[in-house]
Each structure stands twice: as C-alpha cells, then as structure tokens.
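The numbering of the sequence shown is the numbering used here, which starts it at 462 and goes up by one.
Backbone N, C-alpha and C fix where the C-beta goes; we use that ideal spot for every residue, glycine too.
To start, the structure under review is shown below, and the notes come after it.
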Amino acid sequence: MGADGSRSVVRPAVTGASRNGYFREYPFAWFGILCKAPESAPELIYSNSDNGFALISQRSHDVQRMYFQCDPDADPNTLSEAGIWETLQSRVPGVTLKEGPIFQRDVLRFRSFVASELRHGRAALVGDAAHTVPPTGAKGMNLAVADVVLLARALRTMLKENDDRLIDAYPDDAMKRIWKAQHFSWWMTSMLHQLPEHNDFDQRRQLGELRSVVDSEAGRTYLAEAYTGWPFD
Ligand SMILES: Cc1cc2nc3c(=O)[nH]c(=O)nc-3n(C[C@H](O)[C@H](O)[C@H](O)COP(=O)(O)OP(=O)(O)OC[C@H]3O[C@@H](n4cnc5c(N)ncnc54)[C@H](O)[C@@H]3O)c2cc1C
Numbered sequence: 462m463g464a465d466g467s468r469s470v471v472r473p474a475v476t477g478a479s480r481n482g483y484f485r486e487y488p489f490a491w492f493g494i495l496c497k498a499p500e501s502a503p504e505l506i507y508s509n510s511d512n513g514f515a516l517i518s519q520r521s522h523d524v525q526r527m528y529f530q531c532d533p534d535a536d537p538n539t540l541s542e543a544g545i546w547e548t549l550q551s552r553v554p555g556v557t558l559k560e561g562p563i564f565q566r567d568v569l570r571f572r573s574f575v576a577s578e579l580r581h582g583r584a585a586l587v588g589d590a591a592h593t594v595p596p597t598g599a600k601g602m603n604l605a606v607a608d609v610v611l612l613a614r615a616l617r618t619m620l621k622e623n624d625d626r627l628i629d630a631y632p633d634d635a636m637k638r639i640w641k642a643q644h645f646s647w648w649m650t651s652m653l654h655q656l657p658e659h660n661d662f663d664q665r666r667q668l669g670e671l672r673s674v675v676d677s678e679a680g681r682t683y684l685a686e687a688y689t690g691w692p693f694d
C-alpha cells in the first residue's frame, strides 16, 4: 500500500511515473502562522474581505493557527510580526484578534493533484500519495482516512471471504469521493480568494455566491456535509 504522502515513492509503481495524473496549480498561497495566544473567536473564521482572504483557526486554548492569502513566491521571513498582525487584522473586520508571539510561519502553495490510477496489481495508493487538495476545504486528512476505510474493507473481504469484488471496485469507489472533494476544495478556494484576473464584476459576483450559500439552508447543508465528509455506502 502506498500511504507515503505527496512525494510517494510507491506512486510510480501504480501510475507508471510520479506525475502521471491530473494537476492544477493556483496563482496564490497562504501565509500561515502559529502563535501563542488565546482564541480570538469560538469557531473558525473564513473571511473574504476587501483586503483579501484570511482564516482564523484554533489549535488549543493557548495556540492559534492563522492564515492570509499571499503571493506564492513570498518569503515567510521577510514580514515583521507587526506587519503580519496588521495584515490579518485588516482582513477580519468586526473581530479583534488576540495577538501573541509567533513561533512558526510558512507559505503553503495551492496545488491539486489526482493520480491517474489508484491500483496496479498488488499495489494501491491512499491519502496524499493518491491526491492532494488545496487547504481551503480542510479535506486532506479527511480524504486520506476515507481511502483507508474503503481499502481496509476491501482487503478484509478479499482475505477473509476470498471475494475480490471490493478490491476491484476500490479505484472507482475512491475516485468518486476524491473528485467530489476536489470539486469542493476548488469551489471553497475560488469562492473565498481574490484572483489576479478578478475585476469589480467578479468580486461582486463572488459576494453574491457567498450570500447564496449562507442565506440558504440547502447551501449551508451542502457546505457542512462536504466539509465534514460524505457518508459511506
Ligand atoms: C501545513 C499543513 C496543514 C494541513 N492542515 C490540514 C487540515 O487542517 N485538515 C486536513 O484535513 N488536512 C490538512 N493538511 C493535509 C494533511 O496533513 C494530509 O492530507 C494528510 O496528512 C495526508 O495523510 P497521508 O497519511 O496520506 O500522508 P502524510 O501525512 O504525508 O504521511 C505519509 C507518511 O509516510 C512516510 N513516508 C514517506 N516516504 C516514506 C518511505 N519511503 N518509507 C517509509 N515511510 C515514508 C512519511 O514520513 C509520513 O509519515 C495539512 C497539510 C499541511 C502541509
């Protein structure tokens, strides 16, 4: 089983070459920090503000993870702490961030990948070896666990009941969820970030899209279901 992450050495044995698959790169990244501070809000904040995107998330009562959209070539060491807080604060109007010492900073590039095949003979791919998603929808770990649940069920049926049907169906079954998660991650990303080609029309349309989701019970339900993960058959 290839469960060895996005730089998988097992992947070429399944797909023929490491990059065989479907790939998309986005023209922006996230500047992420970990800081020692209390929570600024009881829940996650995803913000698409006039000044750009920010995500405020909580790791524990005294460690917080925060991100803002940045250039993919940004050097995480060039911004001052004061500059980072100023950027974050400007992107969450209406919320006062609780600041504290920043002890980790990184720039996360936005990439999507799906391997062309998930199984070849006795080798199968799961998790980041099989796919990567941009972080906006927080689907990476969720999807990795879902692959493992499907493959474990298939292996159990093959080994205990001598029945190959689930293992043969693993690539198709997993791909259905993977592409739904790719769509969700792309949708969250495109709905919440400012793209270089966006004009005034695109920005207003994007806010219309956001309102279509938050003002609609069906929209909120789709977002919650996709965010937490779809049920298994
Ligand atoms: C900064 C960051 C933040 C993230 N935040 C979130 C989040 O909030 N929510 C979410 O769902 N996902 C998040 N993700 C994505 C998530 O971490 C991954 O999707 C998930 O860890 C994938 O699990 P995996 O087991 O497939 O791969 P990995 O977690 O990469 O594990 C692969 C393992 O294989 C080992 N390995 C690699 N090569 C070999 C080898 N040759 N031999 C033996 N072992 C090997 C590695 O050491 C590693 O332990 C984040 C990722 C990053 C980078």
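_DSSP-derived helix/strand/coil call for residue 574_ = As a first step, residue 574 is located in the sequence shown; it is residue number 113 there, counting from the start. Residue 574 falls in the strand class under three-state DSSP.
*Quick one: what's got a C-beta closer than 7 Å to residue 684's C-beta in the same chain, skipping five residues either side?*
The residue you call residue 684 lines up with position 223 of the sequence shown. Closer than 7 Å at the Cβ level, and outside the excluded window around residue 684, lie 674.
_Supposed contact pair residue 509 and residue 671 - C-beta distance, whole angstroms, cut 8 Å_ = As a position in the sequence shown, residue 671 is number 210, starting the count at 1. As a position in the sequence shown, residue 509 is number 48, starting the count at 1. Residue 671 to residue 509, Cβ: 6 Å. Contact.
*asked:* Suppose the cutoff is 6 Å on Cβ atoms and the five residues either side in sequence are ignored; what does the same chain contact list for residue 475 look like?
replied: Taking the first residue of the sequence shown as position 1, residue 475 is located at position 14. Contacts found: 578, 581, 584 and 586.
*Distance, Cα to Cα, residue 558 vs residue 597?*
Position 97 of the sequence shown, counted from the first residue, corresponds to residue 558. Position 136 of the sequence shown, counted from the first residue, corresponds to residue 597. Rounded to whole angstroms, residue 558 to residue 597 spans 20 Å at the Cα level.
*Can we say the region 492-505 touches the region 652-671, given the rule of at least three CB pairs closer than 8 Å?*
no
*Buried versus exposed, by CB contacts within 10 Å (16 or more), residue 649*: Along the sequence shown, read from residue 1 onward, the residue named residue 649 stands at position 188. Buried: at least 16 other Cβ atoms inside 10 Å.
_Suppose you measure from the CA of residue 655 to the CA of residue 663; what does that come to, to the nearest Å?_
Locating residue 655 in the sequence shown gives position 194, counting from the first residue. Locating residue 663 in the sequence shown gives position 202, counting from the first residue. Residue 655 and residue 663: Cα-Cα distance of roughly 9 Å.
_Can you tell me whether residue 466 sits near ligand 1, meaning its C-beta is under 6 Å from at least one heavy atom of the ligand?_
The residue given as residue 466 occupies position 5 in the sequence shown. Yes, since a heavy atom of ligand 1 falls inside the 6 Å radius drawn around the Cβ of residue 466.
*residue 567 by DSSP, collapsed to three states: which one?*
Indexing the sequence shown from 1 puts residue 567 at position 106. Residue 567: strand per DSSP, three-state reduction.
*For residue 515, is the beta carbon positioned less than 6 Å from some heavy atom of ligand 1?*
For the purposes of this step, residue 515 is taken as residue 54 along the sequence shown, with counting starting at 1. Residue 515: no, Cβ never under 6 Å from ligand 1.
_Our contact map puts residue 599 next to residue 576 with C-beta atoms below 8 Å; I'd like the distance itself, whole angstroms only._
Locating residue 599 in the sequence shown gives position 138, where the first residue counts as 1. Locating residue 576 in the sequence shown gives position 115, where the first residue counts as 1. With 8 Å as the limit, residue 599 and residue 576 do not qualify as a contact, their Cβ atoms being about 21 Å apart.
_Residue from 498, 533 and 535 whose Cα sits closest to the Cα of residue 517_ = Position 56 of the sequence shown, counted from the first residue, corresponds to residue 517. Of the candidates 498, 533 and 535, the one whose C-alpha sits nearest the C-alpha of residue 517 is 498.
*If residue 566 sits next to residue 494, beta carbons under 8 Å apart, how far is it from one beta carbon to the other, in whole angstroms?*
Here residue 566 refers to the residue found at position 105 when the sequence shown is read from its first residue. Here residue 494 refers to the residue found at position 33 when the sequence shown is read from its first residue. That pair is a contact at about 5 Å.
*Beta-carbon separation of residue 473 and residue 467 under 7 Å?*
On the sequence shown, position 12 is the one that residue 473 refers to. On the sequence shown, position 6 is the one that residue 467 refers to. Their beta carbons are not under 7 Å apart, which means residue 473 does not touch residue 467 by this criterion.
*Quick one: is residue 554 buried, meaning 16 or more other Cβ sit within 10 Å of its Cβ, or exposed?*
Residue 554 sits at position 93 when you count from the first residue of the sequence shown. By the 10 Å Cβ count, residue 554 comes out exposed.
_Are there any heavy atoms of ligand 3 lying less than 6 Å away from the beta-carbon of residue 470, as far as the coordinates show?_
Of the ligands this structure carries, namely ligand 1, none is ligand 3.
*Unbroken alpha helix (DSSP H) run spanning residue 619, endpoints*: For the purposes of this step, residue 619 is taken as the residue at position 158 of the sequence shown. Per DSSP, residue 619 belongs to the alpha helix (DSSP H) from 601-622.
_residue 602: CB within 6 Å of a non-hydrogen atom of ligand 1_ = Here residue 602 refers to the residue found at position 141 of the sequence shown. At least one heavy atom of ligand 1 is nearer than 6 Å to the Cβ of residue 602, so yes.
*Sort 514, 615 and 636 by Cα distance to residue 626 and report the nearest one.*
Your numbering for residue 626 matches position 165 in the sequence shown. Residue 626 has its Cα closest to that of 615, out of 514, 615 and 636.
*Which stretch, first to last residue, makes up the alpha helix (DSSP H) that contains residue 647?*
As a first step, residue 647 is located in the sequence shown; it is residue number 186 there, counting from the start. Start and end: 626-653.
*Assumed close pair residue 562, residue 496 - CB separation to whole angstroms, cut-off 8 Å*: On the sequence shown, position 101 is the one that residue 562 refers to. On the sequence shown, position 35 is the one that residue 496 refers to. Indeed they touch by this definition, with Cβ atoms about 6 Å apart.
*asked:* Taking the beta strand (DSSP E) that residue 526 belongs to, which residues open and close that run?
replied: Within the sequence shown, the letter at position 65 stands for residue 526. Counting along the chain, the beta strand (DSSP E) containing residue 526 begins and ends at 524-531.
*Answer with buried or exposed for residue 612, where buried requires no fewer than 16 other C-beta atoms within 10 angstroms of its C-beta.*
Walking along the sequence shown from the start, residue 612 turns up at place 151. Buried, because 16 or more other Cβ atoms sit within 10 Å of the Cβ of residue 612.
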